[in-house]
Amino acid sequence: MPEVPPDGLTHLRVTLSEDAYLGPGRADLLEFIAQTGSISAAGKRMGMSYKRAWDLVKAMNAGFGPLVETSRGGSEQGGARLTPAGQQVLGHYRAMQDKTRAAIAADVEALRALLPR
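Heads up: the sequence shown begins at 2 in our numbering, then just goes up one per residue.
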């Protein structure tokens, strides 16, 4: 059984083109990269392998243009960060989530009222 979110919004997926789309998983990955400065750490936080996280970053960069920049280096020198475009994409997606939650709140409550007790 899926986890029941309190706001009733399981996920919002925005598709702008065949290659440029964003859903909660990709948005969370961007957010965790911004927080940790690491694709590996962000992936671990989400319970995914580094390869899966890196593949998602490559796909987002290919679809939107660079959203995540990486730097190579020895210990403490390498890492990842969101580009200005990455920050904007994440910000707009989170704003759309908030607006969607607000827009559907009354209908979610109406549907919940129809559930058997």
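The C-beta atom is built at its ideal place from N, Cα and C for all residues, glycine as well.
Because the structure is a prediction, the values reported are computed rather than measured.
Does Leu-23 pass the burial test, meaning 16 or more other C-beta atoms within 10 Å, or should it be called exposed? Numbered from its first residue, the sequence shown carries residue 23 at position 22. Leu-23 comes out buried.
Please give me, in chain order, every unbroken run of the alpha helix (DSSP H) with length at least 4 that falls completely inside the segment 18 to 92. When DSSP assignments are scanned along the segment 18 to 92, the uninterrupted stretches of alpha helix (DSSP H) that are 4 or more residues long and fall wholly within it turn out to be 25 to 37, 40 to 46, 51 to 65.
Name the DSSP beta bridge partners of Val-15, please? Translated into the one-based positions of the sequence shown, residue 15 becomes position 14. Answer is Leu-23.
Using a Cβ-Cβ cutoff of less than 7 angstroms, which residues in the same chain neighbour Gly-44 once the five nearest sequence positions on both sides are dropped? Along the sequence shown, read from residue 1 onward, the residue named residue 44 stands at position 43. Beyond the five residues adjoining it in sequence on each side, Gly-44 comes within less than 7 angstroms, by CB distance, of Ser-50, Tyr-51, Arg-53, Ala-54 in the same chain, given in chain order.
Taking C-alpha atoms, which residue in Asp-108, Val-15, Thr-101 lies nearest to Gly-64? Position 63 of the sequence shown, counting from 1, holds the residue named residue 64. Shortest Cα-Cα distance from Gly-64 to any of Asp-108, Val-15, Thr-101 involves Val-15.
Going by Cα to Cα distance, which pick from Ala-106, Ser-39, Leu-13 is closest to Pro-7? What you label residue 7 is simply residue 6 of the sequence shown in a count that begins at 1. Looking from the CA of Pro-7, the closest CA among Ala-106, Ser-39, Leu-13 belongs to Ala-106.
Can you tell me whether Leu-17 is buried or exposed, with buried defined as 16 or more other CB within 10 angstroms of its CB? Within the sequence shown, the letter at position 16 stands for residue 17. Around the beta-carbon of Leu-17, fewer than 16 other beta-carbon atoms lie within 10 Å, marking it exposed.
Report all residues from its chain with a CB closer than 7 angstroms to the CB of Gly-38; omit the five preceding and five following residues, and keep chain order. Within the sequence shown, the letter at position 37 stands for residue 38. Hits under 7 angstroms: Gly-80, Ala-81, Arg-82.
Assigned secondary structure, Glu-4 (DSSP; H/G/I helix, E/B strand, else coil): Within the sequence shown, numbered from 1, the residue matching residue 4 stands at position 3. In the structure shown, Glu-4 sits in coil (DSSP, three-state: anything other than H, G, I, E or B).
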